[in-house]
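The sequence shown runs 1 to 307 under our numbering. Every residue, glycine too, gets a C-beta built ideally from N, C-alpha and C. Reviewing the structure listed below.
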Amino acid sequence: MPTPILYDCDPGHDDAIALVMAHRSPDIELLGVTTTCGNAELEKTTDNAIRVLDFVGASDVPVAAGCARPLARPLVLGTADGPSGLEGSPYLPKPSRGPLKQHAVDFLAEKLAASPDPLLVVATGPLCNIGLLVLKHPHVLPKVKELIWMGGVFYRKSEIITPTEFNAFCDPEALKLVLDARVPITMIGLDVTMQVLIEAPQYKELAAIDTPLGRVAMDWLKFYEKLHRNSMGVGGAMHDPLALALAIDPTLVRTRPAHIGVDLSGSYTFGATVADFWHDRGEEDNARIAYDVDADRFFKLMFDLLR
Ligand code: BDR
Ligand code: CA
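Pasting the structure below:
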C-alpha cells in the first residue's frame with residue numbers, strides 16, 4: 001500500500017525534483033501539494049509546482065497556495081533558484097490551471113481531518129503554512145503522524161555549513177510554533193543534505209536518462225548548481241529530494257531525538273537551530289534530527305524515479 005502524503009513546498013529546483021519523485025514513486029500517494037513563499041514569491045512557487053505537476057502528467061493533483069510571507073518577519077527570498085524560482089526551465093509548459101480557491105492551511109486541515117488515519121506531511125520550505133496550521137487548526141494536529149521537514153543545521157562540522165539554514169532562517173517563528181506544538185517532527189538538516197551533492201558521477205547518471213524529464217532535470221540542476229559551485233565549490237545539494245525520499249524509505253538516514261530550540265533574537269544567529277541531547281535545560285525531546293545518510297542508496301532511489 002502506498003503511503004498517503006501531503007507535500008508542502010516552495011519550488012525551487014530541489015523541491016521540483018522532490019515533487020517529481022513524490023508523483024512517480026509507487027510507494028507514495030500524493031494527496032495534495034501546498035505552496036509557500038521561500039525560494040521565490042508565493043505566486044511563482046505555486047505556478048512552478050503546477051508546471052512541474054503538469055509536465056509529469058499529474059494535473060489532477062490538487063495544489064493549494066498558502067502563506068505569501070513569513071508569520072512575523074518580512075519576506076526573504078532564496079537566491080539559488082533565480083528570480084522565477086525555477087530558472088533554466090525553457091521546456092516547461094505554462095501552468096494549465098490556477099491553485100484551489102482554498103488557502104493551503106485550510107486544505108491541509110480538511111485533508112487531515114478527513115483521513116481515517118494520521119497522515120505523513122513532508123515540508124521542504126519555510127514552515128509558514130505549518131506554523132499557521134498550528135495557530136488556526138490545532139484540533140487537527142493529532143492527525144499529523146509525522147512531519148518530515150527539510151530544515152535546520154546542527155553539527156556545524158564542516159566549513160561549508162553556515163550557522164543558519166534557509167528554511168529555518170526565513171520563518172523561525174513558524175518553526176518555534178511547530179516545535180512547541182509537539183508535532184512529531186523529523187528534521188533533515190544541512191548536516192545530511194550537504195552529503196548528497198550532484199557531482200560528476202551523478203551528472204553522468206542523469207545524462208544517461210534520455211527522456212524529456214531527464215533533459216529538464218539536467219537543465220534544472222545545471223542552473224541550481226551555480227550558487228553552490230561559486231560560493232562553496234561543491235555541486236548542488238539534494239536537500240528536498242532527500243527529505244521526500246524518507247517518506248519512501250526512512251532507513252536512508254539515521255536520526256536521534258533531542259530538544260530543539262530556535263534562536264529568535266540573535267542579530268546574526270536568528271533562525272539558528274540548537275540541539276540539546278542531554279536535557280541540560282530539563283526540557284523534553286521535541287524532534288528527531290538526522291545525522292547520517294546513506295548517499296549511495298539515496299541516489300539510487302532518486303535516479304530510479306527520474307528514469
Ligand atoms: C533549503 O532552502 C531552499 O533553498 C531549498 O529548496 C531547501 O529547501 C535548503 O536550505
Ligand atoms: Ca525548498
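Discussion item. Quick check for students: name the residue ranges of the beta strand (DSSP E) that lie wholly in the stretch 131 to 178, counting only runs of 3 or more.
Written reply: 144 to 150
Fill in: Rounded separation between Pro74 and Leu119 - CA only
Walking along the sequence shown from the start, residue 74 turns up at place 74. Walking along the sequence shown from the start, residue 119 turns up at place 119. Pro74 and Leu119: Cα-Cα distance of roughly 31 Å.
Fill in: Nearest-angstrom Cα separation, counted from Phe298 out to Ala247
To locate residue 247, count along the sequence shown from 1; it is residue 247. To locate residue 298, count along the sequence shown from 1; it is residue 298. If I take the Cα positions, the gap works out to 12 Å.
Worksheet item: By a C-beta neighbour count over all protein chains shown, 10 Å radius and 16 as the cutoff for buried, is Phe135 buried or exposed?
Response: Position 135 of the sequence shown holds residue 135. The sequence as given places Leu at residue 135; Phe does not occur at that position. Exposed, by the Cβ-count rule.
Item to complete: Can you have a look at Thr211 and say buried or exposed, based on whether 16 or more other CB atoms are within 10 angstroms of its CB?
Response: For the purposes of this step, residue 211 is taken as residue 211 along the sequence shown, with counting starting at 1. Per the 10 Å Cβ criterion, exposed.
Worksheet item: Between which two residues does the beta strand (DSSP E) harbouring Leu119 extend?
Response: Residue 119 sits at position 119 when you count from the first residue of the sequence shown. Unbroken beta strand (DSSP E) run through Leu119: 119 to 123.
Worksheet item: In angstroms, rounded to a whole number, what distance separates the CA positions of Asp60 and Ser265?
Response: Stepping through the sequence shown from its first residue, residue 60 is reached at position 60. Stepping through the sequence shown from its first residue, residue 265 is reached at position 265. About 43 Å.
Fill in: Length-filtered (3 minimum) beta strand (DSSP E) runs lying within the stretch 168 to 250
185 to 188
Discussion item. Looking only at its chain, what residues have a beta carbon closer than 6 Å to the beta carbon of Leu301, apart from the 5 residues adjacent to it on each side?
Written reply: In the sequence shown, the residue the question calls residue 301 occupies position 301. Within the same chain, Leu301 has close Cβ partners Ala245.
Fill in: the stretch 187 to 203 contacting the stretch 279 to 293, beta-carbon criterion three pairs below 8 Å
yes
Discussion item. Could you tell me the alpha carbon to alpha carbon distance between Ser231 and Asp81, rounded to whole angstroms?
Written reply: If you number the sequence shown from 1, residue 231 lands on position 231. If you number the sequence shown from 1, residue 81 lands on position 81. If I take the Cα positions, the gap works out to 14 Å.
Worksheet entry | The beta strand (DSSP E) enclosing Thr273, as first and last residue numbers | For the purposes of this step, residue 273 is taken as residue 273 along the sequence shown, with counting starting at 1. It spans 273 to 276 - the beta strand (DSSP E) in which Thr273 sits, taken as one unbroken run.
Worksheet item: From this set, Phe154, Ala114, Ala200, Pro4, which residue's C-alpha is nearest Leu30's C-alpha?
Response: Position 30 of the sequence shown, counting from 1, holds the residue named residue 30. It is Pro4 whose Cα lies nearest to the Cα of Leu30.
Worksheet entry | beta strand (DSSP E) runs contained entirely in the stretch 34 to 107, provided each spans 3 or more residues | 63 to 65
Practice prompt. Report buried or exposed for Gly98, applying the criterion of at least 16 other Cβ atoms within 10 angstroms of its Cβ.
Written response: The residue you call residue 98 lines up with position 98 of the sequence shown. Classification for Gly98: exposed.
Item to complete: Per DSSP, which residues does Val253 bridge with? Please list them.
Response: To locate residue 253, count along the sequence shown from 1; it is residue 253. Val253 is bridged to Val293.
Worksheet item: CA-CA distance, Asp258 and Pro93?
Response: Looking up residue 258 in the sequence shown gives position 258. Looking up residue 93 in the sequence shown gives position 93. The amino acid at residue 258 is misidentified as Asp; the sequence shows Ala. Their backbone Cα atoms lie some 44 Å apart in a straight line.
Practice prompt. Report the three-state DSSP secondary structure of Glu29 (helix, strand or coil).
Written response: For the purposes of this step, residue 29 is taken as residue 29 along the sequence shown, with counting starting at 1. Three-state result, Glu29: strand.
Worksheet item: Cβ of Asp47 versus every heavy atom of ligand 1: is any distance shorter than 7 Å?
Response: Residue numbering aside, residue 47 sits at position 47 when the sequence shown is read from its first letter. False, no ligand heavy atom lies under 7 Å from that Cβ.
Worksheet item: From this set, Met187, Gly32, Glu41, which residue's C-alpha is nearest Leu112's C-alpha?
Response: Numbered from its first residue, the sequence shown carries residue 112 at position 112. The shortest C-alpha separation from Leu112 is found at Gly32.
Discussion item. So, under 8 Å CB-CB, Ser115 and Val216 are touching, yes? Tell me the CB distance rounded to an integer number of Å.
Written reply: Taking the sequence shown and counting its residues from 1, one reaches residue 115 at position 115. Taking the sequence shown and counting its residues from 1, one reaches residue 216 at position 216. Between Val216 and Ser115 the Cβ distance is about 32 Å, and since that is not below 8 Å, they are no contact.
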